[in-house]
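Chemist: Residue numbers (the working numbering): 82 to 403.
We treat Cβ as the ideally placed atom computed from N, Cα and C, and that holds for glycine.
Structure provided below as structure tokens; questions to follow.
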């Protein structure tokens, strides 16, 4: 692990450091806020050769941990045990968790203020433990379940949990299969939470004093830099394709695509490439030919919408890829 010591009084952070030492984890990120800009904070931290809990100057000096890679079942088991003893972890971000791990996570996450489970492959089987978490947690303010496969059955479990919850302020359910019948069910039972659903305005962002910073922790070091748009954890997935005689209307799902991130499109007559944050999101050889000079691109809440113009009007495309 790096020469920079992490003295954060956090069971989860200490566990992540050990995983890196044992080569069970490549990297993780810490996020926080400070009155100093990131470059000045980095200079101060390097002088004392350690990052302390007092460097996280949000109201309760708590830490956000982001695991941007899939954890093994053994690591998840250790993580859930550590969470039960955790006192200073405010936010936990996980990836590709799956339904099987949800009961143990929800039993262990009752003291978190924010739980980010976007793009975790969750189905309705996760609804019951999530509903139980909402019933008992008196600290969880933000829950992100976007870009999963939750439907009305999960919505019913969430709404049951919200009946007993006056603490949740934000619930993000965008890019799920919750139909019109499920959405009111959640909204009606959530007097305190802003609920993010398809077609609704973006959820409000809380104003915070100071500067956001990120600590990149890995086997060869640790670097402090300014808060950036969260990394895109998966390539784009085509979720809808509509067409008429002239155009193709495409919708791609991109987990954790920040609304402020600008995507770039590169086209040839037979190829499509979309990039953002120096990452390739979409790279396809097309079924047929398009006009590479004509396209329209827009983005919203983990979604990219792209319109392409067919080179041969009236041609029917049975699929997008060759």
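Hey, residue 334 and residue 346: beta-carbon distance below 8 angstroms or not?
Modeler: Contact flag unset, no.
Chemist: Look at the alpha carbon of residue 50 and the alpha carbon of residue 162, and state the distance between them as a whole number of angstroms.
Modeler: Summary: the structure shown does not reach residue 50, with the chain confined to residues 82 through 403, and so no result is reported for it.
Chemist: Which same chain residues, not among the five before or five after residue 189, have their C-beta less than 7 angstroms away from its C-beta?
Modeler: Answer for residue 189: 161, 164 and 165, listed in chain order.
Chemist: So who's on the other strand from residue 391, going by DSSP bridges?
Modeler: Partner(s): 371.
Chemist: For residue 197, which three-state DSSP category applies?
Modeler: Looking at residue 197 - three-state DSSP - the assignment turns out to be strand.
Chemist: Residue 323 bridges to which residues according to DSSP?
Modeler: In the DSSP output, where bridge partners are listed per residue, residue 323 has 330.
Chemist: Return the chain-ordered list of same chain residues with a C-beta closer than 6 angstroms to the C-beta of residue 197, the five sequence neighbours on each side being excluded.
Modeler: Here the set comprises 174 and 225.
Chemist: According to the neighbour-count rule (16 or more other Cβ atoms, all chains shown, within 10 Å of its Cβ), is residue 322 buried or exposed?
Modeler: Residue 322 comes out exposed.
Chemist: What is the DSSP secondary structure of residue 110, reduced to helix, strand or coil?
Modeler: If DSSP states are grouped into helix, strand and coil, residue 110 belongs with the strands.
Chemist: Would you please state the rounded distance, in angstroms, between the beta carbons of residue 366 and residue 402? I believe it to be under 8 angstroms.
Modeler: That pair is a contact at about 6 angstroms.
Chemist: With distances taken between CB atoms, is the gap from residue 146 to residue 182 smaller than 8 angstroms?
Modeler: Contact flag unset, no.
Chemist: Sorted by chain position, which residues of the same chain lie with C-beta nearer than 6 angstroms to residue 82's C-beta, five sequence neighbours on each side aside?
Modeler: Low per-residue confidence applies at residue 82: pLDDT is 40, beneath 50, and the placement is therefore not dependable, though the value from the model is reported in the following sentence. Result list for residue 82: 98, 101 and 102, in chain order.
Chemist: Can you give me the start and stop residues for the alpha helix (DSSP H) that residue 161 sits inside?
Modeler: Residue 161 -> alpha helix (DSSP H) spans 154 to 165.
Chemist: Mind checking whether residue 371 and residue 385 have CB atoms under 8 angstroms apart?
Modeler: No, the Cβ-Cβ distance between residue 371 and residue 385 is not below 8 angstroms.
Chemist: Identify every residue that forms a DSSP beta bridge with residue 366.
Modeler: Residue 366 pairs with 352.
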